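In this text, residue positions in the sequence shown follow this note's numbering: the first is 463, and each later residue adds one. C-beta: ideal position from N, C-alpha, C; glycine also. Quantities reported herein were computed from a predicted structural model and do not represent experimental measurements. The block underneath contains the structure these notes are about, expressed in structure tokens.
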Amino acid sequence: MNTISPAQKPSEWRNHHRFSMSRLFHWTIPRRYHQMMAKITQISLIPPFEKSGAKVEKEYGERLEHTSVTTKQLKVLIGALQHTESMPHPIIEIGSFRGITTRGMAGATKREVIAVDPYLGDGGHPKDLAYFETHTAGLSNVRMIRAASDPAFDSWGGAPVSLVFIDAIHEYVHAWYDFIAWGSLVPVGGMVAFHDVDLFPGVNRVCQKILHEHPEWKPWGYAPNIAIFQRI
Ligand SMILES: C[S@@+](CC[C@H](N)C(=O)[O-])C[C@H]1O[C@@H](n2cnc3c(N)ncnc32)[C@H](O)[C@@H]1O
Numbered sequence: 463m464n465t466i467s468p469a470q471k472p473s474e475w476r477n478h479h480r481f482s483m484s485r486l487f488h489w490t491i492p493r494r495y496h497q498m499m500a501k502i503t504q505i506s507l508i509p510p511f512e513k514s515g516a517k518v519e520k521e522y523g524e525r526l527e528h529t530s531v532t533t534k535q536l537k538v539l540i541g542a543l544q545h546t547e548s549m550p551h552p553i554i555e556i557g558s559f560r561g562i563t564t565r566g567m568a569g570a571t572k573r574e575v576i577a578v579d580p581y582l583g584d585g586g587h588p589k590d591l592a593y594f595e596t597h598t599a600g601l602s603n604v605r606m607i608r609a610a611s612d613p614a615f616d617s618w619g620g621a622p623v624s625l626v627f628i629d630a631i632h633e634y635v636h637a638w639y640d641f642i643a644w645g646s647l648v649p650v651g652g653m654v655a656f657h658d659v660d661l662f663p664g665v666n667r668v669c670q671k672i673l674h675e676h677p678e679w680k681p682w683g684y685a686p687n688i689a690i691f692q693r694i
């Protein structure tokens with residue numbers, strides 16, 4: 463059931479007619495299959511992360527306003543970002559919502575932080591973009607690409623990036639696309655971070671697939687609901 467190849471872009475399938483056979487067999491059915499499997503096979507990432515020597519935090523942290531990222535998750539993410547500080551390339555956030563994490567990351571580095579979000583109603587709305595603008599006002603190293611992950615990737619042009627924070631659509635096929643596409647731009651030493659690894663089975667399944675099939679990505683850090691891999 464691996465008919466969703468890395469080259470297949472979520473937005474393109476959404477443009478196919480809902481009842482077309484091609485969409486049904488190459489997108490809808492595999493997407494639902496992966497979601498069902500993700501629910502059945504969800505695991506705690508703590509044992510594999512501990513086993514591979516990653517830093518593992520067990521505290522959840524406190525809730526922050528305007529985001530579901532907690533203080534502890536933000537701290538671990540910023541730790542990863544600082545660990546890549548010798549790399550000159552930008553940071554990418556896929557799904558920036560109201561800009562709280564964008565602001566946290568941009569305040570912790572001089573590199574450019576690129577926020578990718580279409581604000582089209584799939585979790586984020588134009589009013590959230592207004593919040594984003596308020597929360598990131600005055601940060602000259604923040605740039606917004608107002609587009610979904612796949613068209614944004616197409617327009618990006620293949621330049622390397624230091625760290626990708628994946629926090630957009632949490633279904634397996636979307637998170638997998640975000641990893642395969644944007645992760646391909648991360649050089650050795652760079653990182654990919656996933657939010658919602660414990661609360662969303664699809665993201666958990668992506669992490670499991672990386673653990674089993676992508677030894678070039680080593681677990682680097684974990685805190686409840688966030689997992690970070692480093693390219694080695
Ligand atoms: C969970 S929120 C992101 C939270 C944010 N990272 C934070 O730390 O506060 C998910 C965001 O993903 C955006 N989104 C939905 N579809 C997307 C896509 N295809 N590509 C990028 N972002 C998308 C939504 O508009 C929403 O703002």
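Among L625, A609, L661, nearest to S473 - alpha-carbon criterion:
A609
Nearest-angstrom Cα distance between W475 and H496?
16 angstroms
Mark N666 as exposed unless 16 or more other C-beta atoms lie within 10 angstroms of its C-beta, in which case mark it buried.
Classification of N666: buried, given that the 10 Å Cβ count is 16 or more.
Nearest by alpha-carbon distance to D616: which of T598, N603, L647, T596 is it?
Among T598, N603, L647, T596, the Cα nearest to that of D616 is on L647.
Can you tell me whether F641 is buried or exposed, with buried defined as 16 or more other CB within 10 angstroms of its CB?
buried
So, is H597 buried or exposed, given that buried needs 16 or more other C-beta atoms within 10 angstroms?
buried
Excluding the 5 residues preceding and the 5 following G585 in the sequence, name in chain order all residues of the same chain whose CB lies nearer than 8 angstroms to its CB.
Contacts found: G557, F559, A630, I631.
Under the rule that 16 or more other beta-carbon atoms within 10 Å means buried, what is P681, buried or exposed?
buried
Complete runs of the beta strand (DSSP E) confined to the stretch 534 to 613 [at least 3 residues]
553 to 556, 575 to 578, 604 to 607
Do P663 and E521 have their C-beta atoms closer together than 9 angstroms?
One thing to note: P663 has its Cβ no nearer than 9 angstroms to the Cβ of E521.
Could you check what DSSP says for I694 in three-state terms: helix, strand or coil?
coil
Taking the continuous beta strand (DSSP E) assigned at V654, which residues delimit it?
653 to 657
Whole-angstrom distance between Y634 and V668, CA atom to CA atom
Taking the CA atoms as reference points, V668 sits about 6 angstroms from Y634.
For L673, which three-state DSSP category applies?
helix
When the Cα atoms are used, what is the spatial distance from T546 to M499?
C-alpha separation (whole angstroms): 34 angstroms.
Taking 6 angstroms as the limit between beta carbons, can you name the residues of its chain near E675, skipping five residues before and five after?
Cβ neighbours of E675 beyond the five flanking positions: none.
So is the beta-carbon of T529 under 8 angstroms away from any non-hydrogen atom of ligand 1?
yes
Under 8 angstroms by Cβ, that's how I've got V578 and E595 pegged, so tell me the actual separation to the nearest angstrom.
That pair is no contact at about 15 angstroms.
When every heavy atom of ligand 1 is checked, does at least one fall within less than 8 angstroms of the C-beta of E521?
no
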